[in-house]
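Quick note on numbering: the sequence shown equals residues 1433 to 1682 in our numbering. Even glycine gets a Cβ: it sits at the ideal position worked out from N, Cα and C. Model, not experiment: these values are computed from the prediction. One structure is given below, encoded as structure tokens.
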Amino acid sequence: MKILLAVKRVVDYNIKVRIKPDGSNVDIDGVKMGINPFDENAIEEALRLKEQGVATEIVAVSLGTSANQDVLRHSLAMGVDRAILLETDADLQPLRVAKLLKAIVTREQPDLIILGKQAIDDDAGQTGQMLAALLNYPQGTFASTLEVNVNEVKVTREVDGGTETIALALPAVITADLRLNDPRFVKLPNLMMARKKPIETINASELGIDLAPSLKLLQVNEPAARKVGIKVGSVKELLEKLRTHEGILV
Ligand code: AMP
């Protein structure tokens, strides 16, 4: 079984981002970037399937500029077999990403495609669903467990108030939830070795896909500041305030 993974380069999850003074976007100048955390869960799951003898090859693909090589090297250091950079400096929105990934799927013919359930920069949570629709493949989104049997994959997915388990015929698209696993740490020697591994680069413009954005970002705003909390002296006082909504439930 061949697995294709999509890994996105995003602002490191520890960074508190700032908005540009003109409100046009988030300011990522000089900000630490890294692999999207959900995509690490996708990698980890693929590696486990390979260790169990279920998967034979794992390919990671990232879309963006040459800077995206760092997340591909991280993926190689974790243990993926091959890395592909789909190079473009276009503003990539989920539908464009899905269309470009579809082109790679057509070329690579994977049995299983695993994405993150969402990218922590745009929080769109759309690419996996769009990719599955474009390919006409079944989709198992927000996966918290995965079990591959001969021609199908069983996915337990997070839904409101619990989980549901579904069986998908292969090939299929999965999106990984954080509950899927705990990604392994990347050891320094593996990172060093990954530096020497080749990354196949494909110019996205060669794929004949319209990269013009279909969405326009109008404005980015800080979340409204939260009102300062108050300390109450006793449970009785708390209950009284909750009952009267006095300065608490605002
Ligand atoms: P989103 O729909 O933007 O929240 O992203 C969901 C998932 O799609 C991510 O976790 C990645 O697996 C994949 N993805 C989105 N953008 C890219 C990209 N530029 N390169 C590779 N994978 C991506």
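Between the beta-carbon of residue 1490 and that of residue 1437 there is about 7 Å, and that keeps the pair under the 8 Å contact cut. Taking the Cβ of residue 1559 as the reference point, at least one heavy atom of the ligand AMP falls within a distance shorter than 6 Å. DSSP, read as helix, strand or coil, puts residue 1560 in helix. Counting C-beta atoms within 10 angstroms of its own C-beta, residue 1600 has 16 or more neighbours from the protein chains shown and is therefore classed as buried.
Here the C-alpha atom of residue 1630 lies approximately 12 Å from the C-alpha atom of residue 1509. DSSP, reduced to helix, strand and coil, places residue 1639 within a helical segment of the structure shown. Taking the Cα positions, residue 1634 is about 23 Å away from residue 1646. Set against 6 Å, the gap from the CB of residue 1572 to the closest heavy atom of the ligand AMP is not smaller. Remark: C-beta atoms of residue 1575 and residue 1533 do not approach each other more closely than 7 Å.
Annotation: the stretch 1439 to 1492 contains the following complete segments of the beta strand (DSSP E) (minimum length 3 residues), in chain order: 1441 to 1443, 1465 to 1467. In the assembly as shown, residue 1617 is an exposed residue. Its beta-carbon has fewer than 16 other beta-carbons within 10 Å.
Partner residues in a beta bridge of residue 1536, as assigned by DSSP, do not exist. Per DSSP, the beta-bridge partners of residue 1595 are 1590. For residue 1673, the three-state secondary structure derived from DSSP is helix.
Boundaries of the beta strand (DSSP E) harbouring residue 1514: 1514 to 1519, taken from the DSSP string.
DSSP places residue 1668 within a helical segment (H, G or I) once states are collapsed to three.
Sequence-distant Cβ neighbours of residue 1497 in its own chain, meaning closer than 8 Å and more than five residues away, are 1519, 1520, 1521.
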